[in-house]
Amino acid sequence: ATPTAVMVATGVGANNGVLIKGGDSLERAQMVKYVIFDKTGTLTQAKATVTVAKVFGGMDRGDFLTLVASAEASSEHPLAKAILQYARHFHFFDESSPTSDTKSASEDYKSGWLYDVSDFSALPGRGIQCFIDGRRILVGNRKLLEENGINISTEVENFVVELEESAKTGILVAYDDILIGVLGIADPLKREAAVVIEGLQKMGVIPVMVTGDNWRTARAVAKEVGIQDVRAEVMPAGKADVVRSFQKDGSIVAMVGDGINDSPALAAADVGMAIGAGTDVAIEAANYVLMRDNLEDVITAIDLSKKTFFRIR
Ligand code: ADP
Ligand code: MG
Numbered sequence: 613a614t615p616t617a618v619m620v621a622t623g624v625g626a627n628n629g630v631l632i633k634g635g636d637s638l639e640r641a642q643m644v645k646y647v648i649f650d651k652t653g654t655l656t657q658a659k660a661t662v663t664v665a666k667v668f669g670g671m672d673r674g675d676f677l678t679l680v681a682s683a684e685a686s687s688e689h690p691l692a693k694a695i696l697q698y699a700r701h702f703h704f705f706d707e708s709s710p711t712s713d714t715k716s717a718s719e720d721y722k723s724g725w726l727y728d729v730s731d732f733s734a735l736p737g738r739g740i741q742c743f744i745d746g747r748r749i750l751v752g753n754r755k756l757l758e759e760n761g762i763n764i765s766t767e768v769e770n771f772v773v774e775l776e777e778s779a780k781t782g783i784l785v786a787y788d789d790i791l792i793g794v795l796g797i798a799d800p801l802k803r804e805a806a807v808v809i810e811g812l813q814k815m816g817v818i819p820v821m822v823t824g825d826n827w828r829t830a831r832a833v834a835k836e837v838g839i840q841d842v843r844a845e846v847m848p849a850g851k852a853d854v855v856r857s858f859q860k861d862g863s864i865v866a867m868v869g870d871g872i873n874d875s876p877a878l879a880a881a882d883v884g885m886a887i888g889a890g891t892d893v894a895i896e897a898a899n900y901v902l903m904r905d906n907l908e909d910v911i912t913a914i915d916l917s918k919k920t921f922f923r924i925r
């Protein structure tokens, strides 16, 4: 392709909300064999919503939710925002109210209903830890609680499995080293996701899903969207290793992601595609930015590359 053809393609891309950084990535996109999708915020809408909160061990429901919300108020994670919103509604209205307000976590502090928290730490791929009244609170996945020696009863385990099998993420909460409750969080797939996966398969491209979420939830989501190859419980640093494992036989690999977690993988991929609504770090690490936040543009990008480089092959 001539420089002019590349310029034209870049312009056509831009008109469709596909920003292409450089002719090299435009050329590589036509040769992509694997497209690896991040789950949360890429295949899903990043509209995590708490669908159920179950107290174990008899703590008052309002106290339980206020404890969890206080702990999550310092977290930037999408799951944390969903939990805060749910707890806020329980506190100010009741849990059956529609969730419509958009107050931020910092405003919650001002309103004074949350407890003071000390020694907050985010544990990547696991959850969070902090202290309230000198007692430790852990909020996160099974792995986080197990690593900290928290006993998970069969009753709790069965409840979490039930959530996961219906594609929800189960978040466990321990206070003073005792399990006090579980939250179920749902994040719907993007409307176009399944159609795009099918389209890629028809083009001979193999879709893959990678996530930090647990295996059972990951498999349930992958099944819904039509992806066979799933990598779950991947620590943030591990996503780039997954990309490299697919590159080993010389295959050209595209990565599609939105989070800070995804940026090493976006950089490692032959073609990194960031969701425009995603974090700045991801956008910086990528070769393509999909401004419309629509997965159909993954196909648009590959097609554009094919059209531009067709003649010289
Ligand atoms: P993803 O690849 O799906 O974006 P992350 O690596 O961000 O996953 O998180 C992996 C898992 O760690 C989550 O599914 C959740 O179980 C747990 N986790 C991470 N951050 C939090 C948090 N702030 N509160 C509760 N759980 C969390
Ligand atoms: Mg994500």
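Straight run, no breaks: the sequence shown in UniProt numbering ends on number 925.
For each residue, glycine too, the CB sits at the ideal point set by N, CA and C.
Is residue j closer than 8 Å to residue i when the C-beta atoms are compared?
{"i": "residue 914", "j": "residue 642", "result": "yes"}
{"i": "residue 756", "j": "residue 782", "result": "no"}
{"i": "residue 886", "j": "residue 878", "result": "yes"}
{"i": "residue 682", "j": "residue 744", "result": "yes"}
{"i": "residue 613", "j": "residue 921", "result": "yes"}
{"i": "residue 902", "j": "residue 680", "result": "no"}
{"i": "residue 650", "j": "residue 811", "result": "no"}
{"i": "residue 677", "j": "residue 699", "result": "yes"}
{"i": "residue 828", "j": "residue 758", "result": "no"}
{"i": "residue 864", "j": "residue 882", "result": "yes"}
{"i": "residue 795", "j": "residue 660", "result": "no"}
{"i": "residue 797", "j": "residue 668", "result": "no"}
{"i": "residue 626", "j": "residue 638", "result": "no"}
{"i": "residue 851", "j": "residue 656", "result": "no"}
{"i": "residue 899", "j": "residue 634", "result": "yes"}
{"i": "residue 674", "j": "residue 702", "result": "yes"}
{"i": "residue 662", "j": "residue 916", "result": "no"}
{"i": "residue 628", "j": "residue 909", "result": "yes"}
For residue i, does the count of other Cβ atoms within 10 angstroms reach 16, so buried, or fall short, so exposed?
{"i": "residue 741", "result": "buried"}
{"i": "residue 790", "result": "exposed"}
{"i": "residue 773", "result": "exposed"}
{"i": "residue 837", "result": "buried"}
{"i": "residue 712", "result": "In this prediction, residue 712 scores a pLDDT of 45, lower than 50, which makes its location untrustworthy; no coordinate-derived value is stated."}
{"i": "residue 869", "result": "buried"}
{"i": "residue 653", "result": "buried"}
{"i": "residue 884", "result": "buried"}
{"i": "residue 766", "result": "exposed"}
{"i": "residue 754", "result": "buried"}
{"i": "residue 752", "result": "buried"}
{"i": "residue 843", "result": "buried"}
{"i": "residue 860", "result": "exposed"}
{"i": "residue 747", "result": "exposed"}
{"i": "residue 826", "result": "buried"}
{"i": "residue 714", "result": "Low per-residue confidence applies at residue 714: pLDDT is 48, beneath 50, and the placement is therefore not dependable enough to give any value."}
{"i": "residue 780", "result": "buried"}
{"i": "residue 726", "result": "buried"}
{"i": "residue 867", "result": "buried"}
{"i": "residue 874", "result": "buried"}
{"i": "residue 906", "result": "buried"}
{"i": "residue 619", "result": "exposed"}
Looking at chain C, is there any beta carbon in it that lies within less than 8 Å of the beta carbon of residue i?
{"i": "residue 848", "result": "Among the protein chains of the structure shown there is no chain C, as only one such chain exists."}
What are the boundary residues of the beta strand (DSSP E) that residue i is part of?
{"i": "residue 803", "result": "Where residue 803 is concerned, there is no enclosing beta strand (DSSP E), given that its DSSP letter is neither H nor E."}
{"i": "residue 822", "result": "818–822"}
{"i": "residue 747", "result": "747–752"}
{"i": "residue 656", "result": "Here residue 656 belongs to no beta strand (DSSP E), and DSSP marks it neither H nor E."}
{"i": "residue 743", "result": "739–744"}
{"i": "residue 841", "result": "841–843"}
{"i": "residue 864", "result": "864–869"}
{"i": "residue 632", "result": "630–632"}
{"i": "residue 649", "result": "644–650"}
{"i": "residue 670", "result": "That residue, residue 670, is in no beta strand (DSSP E); it is neither H nor E in DSSP."}
{"i": "residue 783", "result": "781–787"}
Roughly how far, in whole angstroms, is the beta-carbon of residue i from the beta-carbon of residue j, given that I think they are within contact range, below 8 Å?
{"i": "residue 750", "j": "residue 762", "result": "7 Å"}
{"i": "residue 736", "j": "residue 848", "result": "5 Å"}
{"i": "residue 834", "j": "residue 821", "result": "5 Å"}
{"i": "residue 648", "j": "residue 855", "result": "6 Å"}
{"i": "residue 824", "j": "residue 845", "result": "7 Å"}
{"i": "residue 809", "j": "residue 645", "result": "The Cβ separation is near 15 Å, so there is no contact."}
{"i": "residue 615", "j": "residue 658", "result": "The pair is not a contact, with the Cβ atoms about 38 Å apart (cut-off 8 Å)."}
Going by DSSP, what residue range makes up the alpha helix (DSSP H) through residue i?
{"i": "residue 626", "result": "615–627"}
{"i": "residue 693", "result": "690–704"}
{"i": "residue 831", "result": "827–837"}
{"i": "residue 640", "result": "635–641"}
{"i": "residue 919", "result": "908–921"}
{"i": "residue 855", "result": "850–859"}
{"i": "residue 880", "result": "875–880"}
{"i": "residue 726", "result": "That residue, residue 726, is in no alpha helix (DSSP H); it is neither H nor E in DSSP."}
{"i": "residue 901", "result": "That residue, residue 901, is in no alpha helix (DSSP H); its beta strand (DSSP E) goes 900–902."}
{"i": "residue 884", "result": "Run containing residue 884: none in the alpha helix (DSSP H); it sits in the beta strand (DSSP E), 883–887."}
{"i": "residue 895", "result": "892–897"}
{"i": "residue 846", "result": "Neither: residue 846 is in no alpha helix (DSSP H) and is coded neither H nor E."}
{"i": "residue 770", "result": "766–777"}
Margin query: Give the residues whose C-beta lies closer than 5 Å to at least one heavy atom of the ligand MG, in chain order.
Written below: 650, 652, 653, 870, 871
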